[in-house]
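Written below as structure tokens is the structure these notes are about.
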Amino acid sequence: MKRSVVAEICGWYGIAAILAAYAAVSFGVIDSQHHVYQLLNLTGAIGVIVVSLYKRVWQTLVLNVVWVAIAGIGLIRSIM
Numbered sequence: 343m344k345r346s347v348v349a350e351i352c353g354w355y356g357i358a359a360i361l362a363a364y365a366a367v368s369f370g371v372i373d374s375q376h377h378v379y380q381l382l383n384l385t386g387a388i389g390v391i392v393v394s395l396y397k398r399v400w401q402t403l404v405l406n407v408v409w410v411a412i413a414g415i416g417l418i419r420s421i422m
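Under my numbering, the first residue of the sequence shown carries the number 343, and numbering increases by one thereafter.
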């Protein structure tokens with residue numbers, strides 16, 4: 343599979359995961375402290391990082407690196 347296709351799949355997964363996390367919290371399906379919410383944000387941001395690196399979109403890359411850090415800390419706190 344071409345690198346561009348893999349990057350696009352990662353990017354589409356990323357936005358879907360982040361939107362799913364936001365919708366789940368907004369509609370009361372899960373709490374923002376739930377590990378699933380944090381995991382969706384973490385993996386979603388990683389997916390967006392992959393496509394941002396491939397396409398060299400630095401602003402989106404920086405935003406999602408910070409997003410990963412926040413979600414990672416949130417995930418650790420949610421499972422402890």
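Where a beta carbon is used, it is the ideal one built from N, C-alpha and C, also for glycine.
Is DSSP giving residue i helix, strand or coil here?
{"i": "G414", "result": "helix"}
{"i": "S346", "result": "helix"}
{"i": "R398", "result": "coil"}
{"i": "S374", "result": "coil"}
Going by the beta-carbon positions, is the gap between residue i and residue j smaller than 8 Å?
{"i": "L384", "j": "A413", "result": "yes"}
{"i": "V392", "j": "A349", "result": "yes"}
{"i": "L417", "j": "Q380", "result": "yes"}
Which term fits residue i, buried or exposed, when burial requires 16 or more other beta carbons within 10 angstroms of its beta carbon?
{"i": "G389", "result": "buried"}
{"i": "A387", "result": "buried"}
{"i": "W409", "result": "buried"}
{"i": "A411", "result": "exposed"}
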